[in-house]
Amino acid sequence: MFNDEHDFFFCLLRGNKRLALVNTNQHPAARQIVIPDKQKPRRPPLNPEQVDLNQYPELENIEYHVANLTAGDCIFIPSQWIFQERSLDNTISILYNINHKQALQLNLQELKTCSESDPLDSSLTLDRIDWTAIESDPENI
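First residue of the sequence shown: 45, per the numbering used here; consecutive thereafter.
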């Protein structure tokens, strides 16, 4: 399970994953369980696949969301949400941490200059990449 102070952009390039997400602004007890306060005694580890409600009764009525992702899917995960990912087969994914403070300090003129002189094909998207080498021999990535 993950939790961070930044937003995330999660993209699945290959395979299938299931994400379970909880908004800790609505359910602060969930955050304390995943990231316990160092001053408090530790509880038994949480098994997200089979939550023991005797150990964690505060999770009994928690609202959660499930996202089933397939290759090419992306999902935005807001800050203060915890999520647990489960790979359903071999996967390749990208988790991009969005630092808004850094992003807000971008120089737009610098970006325009960079894109005008960039020799790369801007029409290249992930769906146009030939993934056959990865699929036929995933150990040699």
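Just so it is clear, CB atoms sit at the ideal spot from N, CA and C, and this is done for glycine as well.
Nearest neighbour of residue i, chosen from the options [CA to CA]
{"i": "V110", "options": "T135, P92 and N134", "result": "P92"}
{"i": "L26", "options": "I142, E49, N134 and Q128", "result": "Residue numbering for the chain in the displayed model covers 45 to 185; residue 26 lies beyond these limits and cannot be assessed."}
{"i": "N69", "options": "I106, R130, N112 and P101", "result": "I106"}
{"i": "R130", "options": "N112, H71 and Y100", "result": "N112"}
{"i": "I77", "options": "E102, N98 and Q94", "result": "E102"}
{"i": "H71", "options": "Y108, D117 and C118", "result": "Y108"}
Alpha-carbon to alpha-carbon, residue j and residue i
{"i": "G59", "j": "I136", "result": "7 Å"}
{"i": "H50", "j": "L139", "result": "12 Å"}
{"i": "L57", "j": "A115", "result": "5 Å"}
{"i": "P54", "j": "I121", "result": "Position check: residue 54 holds Phe in this sequence, whereas Pro was assumed. Rounded to whole angstroms, F54 to I121 spans 7 Å at the Cα level."}
{"i": "I142", "j": "S123", "result": "9 Å"}
{"i": "N67", "j": "N134", "result": "28 Å"}
{"i": "E104", "j": "K61", "result": "24 Å"}
{"i": "A64", "j": "W125", "result": "10 Å"}
{"i": "F52", "j": "V95", "result": "25 Å"}
{"i": "N98", "j": "R75", "result": "18 Å"}
{"i": "D117", "j": "Y100", "result": "32 Å"}
{"i": "A73", "j": "I119", "result": "24 Å"}
Span of the beta strand (DSSP E) around residue i
{"i": "Q128", "result": "W125 to S131"}
{"i": "Y140", "result": "I136 to I142"}
Opposing strand residues paired with residue i [DSSP bridges]
{"i": "H109", "result": "L65"}
{"i": "N60", "result": "T114"}
{"i": "D51", "result": "I142"}
Endpoints, alpha helix (DSSP H) assigned at residue i
{"i": "V78", "result": "P72 to V78"}
Buried or exposed (CB count within 10 angstroms, at least 16 for buried), residue i
{"i": "L132", "result": "exposed"}
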